[in-house]
Amino acid sequence: MLAYNPANQVVKKRKPSELIPRVGKNVAAQRKMLGLTQDQFAGLVDVEVETISRIERGATAPSLALLEEIAVQLEIPIAELLDSGPVKRISEAEIVSNLVGKMKPKDRSFVVDFVRLFFERSR
């Protein structure tokens, strides 16, 4: 299909990129692996939940700044969000460690004490 650009040159019209839906799928997969809801994740990256929903559905592309923040919060390189391969699985221990690491010190201490008590009782 041909289209005219502003300089009146004939150019080929490109097919819609598969990159935007791929990024959305990868964001959703990684977010779910971390056990986060869209609402929780939206709070972490400081956007509305509808923005996360639209990104994950492939309805919109995040800005580069938002893509960087998404990658930081998902604790993966940006390249992994762009990759068409499977998203790296994170162990449950890594998920717990990541979530506990983001807590306030007082809350983190409570969780650590609880886990220790639970571990002692389950022996």
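Just remember that this note's numbering sits 29 ahead of the position in the sequence shown, which is counted from 1.
Glycine included, each C-beta is placed from N, C-alpha and C at the ideal position.
Predicted model, so just to flag it, every value in this text is computed and none were measured.
C-beta contact flag for residue i and residue j at 9 angstroms
i: E104; j: N127; result: yes
i: E98; j: V74; result: yes
From the options, residue whose alpha carbon lies closest to that of residue i
i: R86; options: V56, G130 and F147; result: V56
i: Q102; options: D112, R83 and V76; result: V76
i: F70; options: A108, I49 and A100; result: A100
Residue i versus residue j: straight-line alpha-carbon distance, rounded
i: R51; j: A88; result: 11 angstroms
i: G72; j: K131; result: 13 angstroms
i: G64; j: R145; result: 22 angstroms
i: L96; j: E47; result: 16 angstroms
i: F139; j: K133; result: 10 angstroms
i: F147; j: K135; result: 18 angstroms
i: A94; j: S113; result: 21 angstroms
i: S92; j: S151; result: 47 angstroms
Buried versus exposed call for residue i [16 or more other C-beta atoms within 10 Å across all chains shown]
i: A122; result: exposed
i: P106; result: exposed
Residues near residue i by beta carbon distance below 6 angstroms, same chain, minus five either side
i: V129; result: R137 and V140
i: K54; result: none
i: A16; result: The structure shown does not extend to residue 16, since the chain is modelled only from 30 to 152, so the question has no answer here.
Own chain residues within Cβ distance below 8 angstroms of residue i, not counting five before or after
i: Q67; result: R60, V78, I81, S82 and E85
i: L111; result: L48, R51, V52 and N55
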